[in-house]
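Residue numbers (the numbering used here): 339 to 549.
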């Protein structure tokens, strides 16, 4: 039996509270239950709270979290636009492409081409021929050997390129993936085989006619 005066638990057959001396025999069970619960709630003992206020607090807390969840579903955090995502990916891919590019000789690329398929390589060369395929896609023949006088005529590679228009005699830097060997028929009817590269990034060094 609890004493409603001091909150002390006493034996069920006790007539007086052994702590404060309060008469326990006059307390009805219902009065005792309500009285001690309210008193212990005021005393801050865990597990004892004012019923209505405690339920209201739980309800308010629950509604608050439901509101936050619904708000997050209706107004999700903004995502980067496709343009922003593409720009970020492009910047990263260019840096990665340049860092992974191999500088190998043209002779090695021709003789051991199968060893480099799928690898990224770098070349600088002058465009000998531009063949527009469709929708900004081009096939370029690029001479990569710089002669003593500064010109480029030999060690030609085939470059599959997509981007802004390039012209014959433009000097370009090429970073691309080795696809294999490309065979085609020249104007005179003779067959020619050269390395084929899928361009990943191309930079214009000097325009046609510039020194």
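The beta carbon of each residue, even a glycine, is placed where N, CA and C say it ideally should be.
Taking the alpha-carbon of residue 481 as reference, which of 516, 520, 496 has the nearest alpha-carbon? Nearest to residue 481 by alpha-carbon distance, out of 516, 520, 496, is 496.
Beta-carbon within less than 7 Å of residue 501's beta-carbon, same chain only, minus the 5 sequence neighbours each way: which residues are those? Beyond the five residues adjoining it in sequence on each side, residue 501 comes within less than 7 Å, by CB distance, of 474, 540 in the same chain, given in chain order.
Which value, in whole angstroms, describes the spacing of the CA atoms of residue 524 and residue 414? Distance between the alpha carbons of residue 524 and residue 414: 59 Å.
Assign residue 358 to one of two classes, buried (16 or more other C-beta atoms within 10 Å of its C-beta) or exposed (fewer than that). Its Cβ having fewer than 16 others within 10 Å, residue 358 is exposed.
Let me confirm a value: residue 533 is counted as buried when at least 16 other C-beta atoms fall within 10 Å, else exposed. Which label applies? Per the 10 Å Cβ criterion, buried.
In chain order, which alpha helix (DSSP H) runs of at least 4 residues are fully inside the stretch 393-477? Counting only runs of 4 or more, we get 420-438, 444-449.
Below 8 Å, how does it come out for the stretch 540-549 and the stretch 507-524: are there three or more Cβ pairs, yes or no? Contact holds: three or more Cβ-Cβ distances are below 8 Å.
Compute the beta-carbon to beta-carbon distance between residue 490 and residue 449, rounded to the nearest angstrom, for a pair I have assumed lies under 8 Å. Taking a contact as a CB-CB distance under 8 Å, the pair residue 490 and residue 449 does not count as one, their CB atoms being some 21 Å apart.
Considering only residues of the same chain and omitting the five flanking positions on each side of residue 353, which have a CB-CB separation below 8 Å? Here the set comprises 361, 362, 363.
Under 8 Å between the Cβ atoms of residue 504 and residue 478? Taking the C-beta atoms as reference points, residue 478 is found nearer than 8 Å to residue 504.
With a threshold of 16 other CB atoms inside 10 Å of the CB of residue 409, please say whether the residue is buried or exposed. By the 10 Å Cβ count, residue 409 comes out exposed.
Comparing C-alpha positions only, which one of 395, 498, 394 sits nearest to residue 538? Checked all of 395, 498, 394; the closest Cα to residue 538 is 498.
Beta-carbon separation of residue 451 and residue 529 under 8 Å? For the pair residue 451 and residue 529, the CB atoms are not nearer than the 8 Å cut-off.
Cα-Cα separation between residue 374 and residue 401, rounded to whole angstroms: Confidence in residue 374 is poor, its pLDDT being 47 and thus under 50, which makes the residue's placement too unreliable to answer from.
Residue 342 lies in the beta strand (DSSP E); which residues open and close that run? DSSP places residue 342 outside any beta strand (DSSP E), giving it a letter other than H or E.
Determine the contact status of residue 476 and residue 469, defining contact as a CB-CB distance below 8 Å. Closer than 8 Å, so yes.
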